């Protein structure tokens, strides 16, 4: 995010999305032949992107162009070593967390939950199924106008090879300024629909996974390897929480957070409300302005300290992925529109979900 890290650092980090040093084409083709057998194309073509988990080739099969993602050789072993190190760090952090705050949040549990999702990301069959499921849910009849999710070619897909239709366009990593207001609108609608209607968080929505197709009016979303489910009951609760936050209905916000499992049902409301009311108001009033957020954090230092030292709170296992996705999308939007406000953008989507026929009961609760 340029607004947090600055242009130079962000530009360097953006290279990690799809400009990591590639592994040799010969290794990639041997893996493709081993995975696809007789279905393997005669050649791979050129590497068009290389990331930490794999690299993508532009291939032509029976006159049609595809993007073929090939997993890096030896990746499971390398990741296993990384996870052992991370888990050791989490154990050390757990002692610090238990000493500093009242919350039962366990860094080891967080790492373990993240690790399960990461292992799923190495199974391209699962990613293919997730991608097709999301395409049917979001791009079919009654779906999100302006959204493209490429079709999967299952004949050219396996555990370590994933092949989808090729989409001509400009990656957001290549030119962040290609994103316009209409693209931001599509993005907000898409990710809100994922969480509220489908019940899935796309946990890796960085700029390298977004393309503005030729014509410039649509948004193409890639890479569904890291997706996390949101329980049905929590979908409605998140929508209510956003609406109540923006409307500054603080007692209702606390009810929503209890429903989400953030606070226990027997939490001391009379002690929590004076502290959290100030935090919630500042959160909404600051919008997406990182400078206002920094000043608000300083002003609310005592309130935040009380929150973490005195009150017991917990986090749903998907919460980190959800917050990461929101902050990443917010950063992409701010790069295109410095006046972007995440709450103003998401409020009407949540309100529409609340008042829809499928959520009639929740809609009555908001009346």
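In my numbering, the protein residues as written are 3 to 369. Note that beta-carbon positions come from the ideal geometry of N, C-alpha and C, so glycine has one too. Computed from a prediction, not measured in an experiment: that's the story for all the values here.
7 Å Cβ cutoff met for residue 202 and residue 229: yes
Exposure label - residue 297; buried when at least 16 CB within 10 Å: exposed
Every unbroken alpha helix (DSSP H) inside the stretch 272 to 335 [4 residues or more]: 292 to 301, 303 to 312
Cβ neighbour criterion (16 or more within 10 Å) applied to residue 341: exposed
Three CB pairs or more closer than 8 Å across the stretch 123 to 137 and the stretch 174 to 190: no
Collapsed DSSP secondary structure at residue 143 in the structure displayed: coil
Residue 161 to residue 79 span [Cα, whole Å]: 16 Å
DSSP state of residue 266 mapped onto helix, strand, coil: coil
Cβ contact (3+ pairs, closer than 8 Å) linking the stretch 204 to 216 and the stretch 138 to 148: no
Residue from 212, 318, 290 whose Cα sits closest to the Cα of residue 236: 318
Bridge partner(s) assigned by DSSP for residue 173: 213
Residues bridged to residue 1 (per DSSP): The structure shown has nothing for residue 1, since the chain only spans 3 to 369.
The stretch 80 to 88 / the stretch 165 to 185 touching (three or more Cβ pairs under 8 Å): no
Beta-carbon separation (whole angstroms), residue 71 vs residue 63, contact threshold 8 Å: That pair is no contact at about 14 Å.
Straight-line Cα distance separating residue 199 from residue 350: 15 Å
Closest by C-alpha distance to residue 208, when choosing among 300, 49, 53: 53
Assigned secondary structure, residue 347 (DSSP; H/G/I helix, E/B strand, else coil): helix
For residue 355 and residue 396, the rounded distance between their alpha carbons: Missing from the structure shown is residue 396; the chain here goes from 3 to 369 and no further.
Reduced DSSP category for residue 115 - H, G, I as helix; E, B as strand; rest coil: helix
Cutoff 6 Å; reference residue 67; Cβ partners in own chain excluding five residues on either side: 168
Euclidean distance between Cα positions of residue 271 and residue 256: 8 Å
Top-ranked residue by Cα proximity to residue 166, from 178, 346, 225, 109: 225
At least three beta-carbon pairs within less than 8 Å, the stretch 26 to 33 to the stretch 153 to 160: no
Residue 204 (DSSP reduced to helix, strand or coil): strand
Euclidean distance between Cα positions of residue 326 and residue 320: 10 Å
Cβ neighbour criterion (16 or more within 10 Å) applied to residue 304: exposed
Heavy atom of the ligand SAH within 6 Å of residue 270 beta-carbon: Within the structure as shown, the ligand SAH is missing, as the structure has no ligands at all.
DSSP state of residue 258 mapped onto helix, strand, coil: helix
Residue 316 versus 302, 299, 331, 259, residue with shortest Cα-Cα distance: 259
Residue from 138, 24, 50, 69 whose Cα sits closest to the Cα of residue 43: 69
Bounding residues of the alpha helix (DSSP H) (the contiguous stretch that carries residue 190): 183 to 195
Reference residue 56; option with closest CA among 275, 77, 45, 334: 77
Burial state of residue 294, where buried means 16 or more other Cβ atoms lie within 10 Å: exposed
Per-residue DSSP class, three states only, for residue 66: strand
Option nearest residue 344 by Cα separation, candidates 353, 177, 332, 40: 332
Same chain only: Cβ atoms within 7 Å of residue 191, ignoring 5 sequence neighbours per side: 146, 351
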